[in-house]
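K.L.:
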Amino acid sequence: MHLVNDRPVRAPLDVDTDEPVPSYAFDPTDPWTQTFQAGLERAGLRGRRVYEVGVGSGANVLFMLRDCAASRVAGSDLDRRLPELARALLSRTAPELADRFRPVHGPVSLLDVHEAVTEAAAADVVVACLPQVPDPFDPLYARFRTAQLKTAAHPGDPGDDHVAHYYPWTAFNDRPFNSIGMGLIEALLTRLKTVAPQAEVVLNLGCRIGKATLVQVLRSYGYRTEELASRIVRQHAGTDISFFVALETAMRGTGYEQDVRCEFYADPEGRTQLSARQARALLDTDPAAPVYHEICVLRGHPQATGGLL
Ligand SMILES: C[S@@+](CC[C@H](N)C(=O)[O-])C[C@H]1O[C@@H](n2cnc3c(N)ncnc32)[C@H](O)[C@@H]1O
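Its first residue numbered 1, the sequence shown is counted upward by one per residue in UniProt numbering.
See the structure below:
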């Protein structure tokens, strides 16, 4: 369930499917989706083959085929219901484009099945909007959080949109930038270096750890970056941001405070910056408090020289 102007919005889905529809499916009014699509529009997809990791319910599949004139889109998702939902959405909304979408059935984590690898290998562009916040129930994150904040997580009922917001931190602990919430995305970039080194990547990213840091992560994996879209959005009420507070606390006194600086705002123009601790305090006092952060769409152009990692 997404919030727009503080109101929960149920996706206006009108698809013919036997599958249960997750509450977070297809909300074209969501500012994250709108920003992602503004970036996709500028990504030069006309006539190109795209793979979407985490198709959601197909809002972008439809958009990339119909509005961006991509020649073909393939896609998968960790939630096994979603590729089928995407197919149903496309068949109903733009039946003439249905044969240009190849759903890879799953569950598929990143590109962990043969068919996903084959499809990604044939892609010119790989797009994704993946979680950058550790699962509050993850054991390693729970230890980190307790060590830094001296409190256990109280994330409440995760609901069925948990998978759209959080990722299993421990599973990506071998990734250098996992500590700042980029482990899942790094695992994707690592995989792409092997299976689709030619492909551009277009990522819709939360900038709560700082945009400069995001650019650095992509550069480390051998991509030249280009910003395609950006917007300041309301902090999603369903995502626990304690991780960023714990991160800030962990950096204190290390000399690297300026290198990893969490960025939140008290206004939608981004004039008044807040630390994660200040943002969390405001939301603890009033869950409807105005707390914002930037999101951006970064395109990564693969560089022949590869990356540092
Ligand atoms: C924030 S939603 C974005 C959905 C869609 N791409 C969009 O932009 O509207 C994140 C999506 O990534 C999926 N996801 C989360 N972890 C994943 C993983 N490890 N591999 C593949 N998909 C994943 C979720 O199920 C969800 O559909």
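Ideal placement from N, C-alpha and C gives every residue a C-beta, glycine not left out.
How is the beta strand (DSSP E) around arginine 80 delimited, first residue to last?
P.N.:
By one-based count along the sequence shown, residue 80 stands at place 80. From DSSP, arginine 80 is part of no beta strand (DSSP E); its letter is neither H nor E.
K.L.:
Could you name the residues of the same chain whose beta carbon sits closer than 6 Å to that of isoleucine 185, not counting the 5 residues immediately before and after it, in chain order?
P.N.:
By 1-based counting over the sequence shown, the position of residue 185 is 185. Cβ within range, chain order: Leu130.
K.L.:
Report the rounded CA-to-CA distance for aspartate 174 versus threonine 190, giving the unit in angstroms.
P.N.:
Within the sequence shown, residue 174 is the residue found at index 174, counting from 1. Within the sequence shown, residue 190 is the residue found at index 190, counting from 1. Answer to the nearest angstrom: the Cα atoms are 12 Å apart.
K.L.:
So does cysteine 68 have its beta carbon nearer than 7 Å to some heavy atom of ligand 1?
P.N.:
Locating residue 68 in the sequence shown gives position 68, where the first residue counts as 1. Incorrect: cysteine 68 has no Cβ contact closer than 7 Å to ligand 1.
K.L.:
Looking at the strands, I want to know which residues DSSP matches up with alanine 128.
P.N.:
In the sequence shown, counting from the first residue as 1, residue 128 sits at position 128. Paired residue(s): Val53, Leu203.
K.L.:
Among Met251, Ile295, Arg224, which residue has its Cα nearest to the Cα of serine 230?
P.N.:
For the purposes of this step, residue 230 is taken as residue 230 along the sequence shown, with counting starting at 1. Nearest option by C-alpha distance: Ile295.
K.L.:
Tell me which residue opens and which closes the alpha helix (DSSP H) that leucine 298 is part of.
P.N.:
Taking the sequence shown and counting its residues from 1, the one referred to as residue 298 is at position 298. First-last for leucine 298: 292-302, but that is the beta strand (DSSP E), not the alpha helix (DSSP H).
K.L.:
Measuring alpha carbon to alpha carbon, tell me which of Thr151, Val53, Phe101 ends up nearest arginine 72.
P.N.:
Position 72 of the sequence shown, counting from 1, holds the residue named residue 72. The shortest C-alpha separation from arginine 72 is found at Phe101.
K.L.:
Alpha carbon to alpha carbon, how far is glycine 270 from alanine 122? Give it in angstroms, no decimals.
P.N.:
The residue you call residue 122 lines up with position 122 of the sequence shown. The residue you call residue 270 lines up with position 270 of the sequence shown. Straight-line Cα distance between these residues: approximately 40 Å.
K.L.:
May I have the straight-line CA-CA distance separating proline 197 from proline 302, to the nearest angstrom?
P.N.:
Stepping through the sequence shown from its first residue, residue 197 is reached at position 197. Stepping through the sequence shown from its first residue, residue 302 is reached at position 302. Using only the alpha carbons, I get a separation of about 7 Å.
K.L.:
Rounded to a whole number of angstroms, what is the C-alpha to C-alpha distance between residue 311 and alanine 70?
P.N.:
One cannot answer for residue 311 here, as it falls past the ends of the chain, which runs 1 to 309.
K.L.:
Need the endpoints of the alpha helix (DSSP H) that leucine 214 sits in, please.
P.N.:
By one-based count along the sequence shown, residue 214 stands at place 214. Leucine 214 -> alpha helix (DSSP H) spans 211-220.
K.L.:
Under 8 Å, Cβ to Cβ, is there at least one residue of chain B near alanine 70?
P.N.:
No chain B appears in the structure shown, which is made up of a single protein chain.
K.L.:
Please report how far the alpha carbon of proline 134 lies from the alpha carbon of arginine 46, in whole angstroms.
P.N.:
Stepping through the sequence shown from its first residue, residue 134 is reached at position 134. Stepping through the sequence shown from its first residue, residue 46 is reached at position 46. Spanning the two alpha carbons is a distance of roughly 35 Å.
K.L.:
On the premise that tyrosine 292 lies in contact with arginine 234, defined as a C-beta separation below 8 Å, what is that separation, rounded to the nearest angstrom?
P.N.:
What you label residue 234 is simply residue 234 of the sequence shown in a count that begins at 1. What you label residue 292 is simply residue 292 of the sequence shown in a count that begins at 1. Yes, arginine 234 and tyrosine 292 are in contact; Cβ-Cβ is about 6 Å, under 8 Å.
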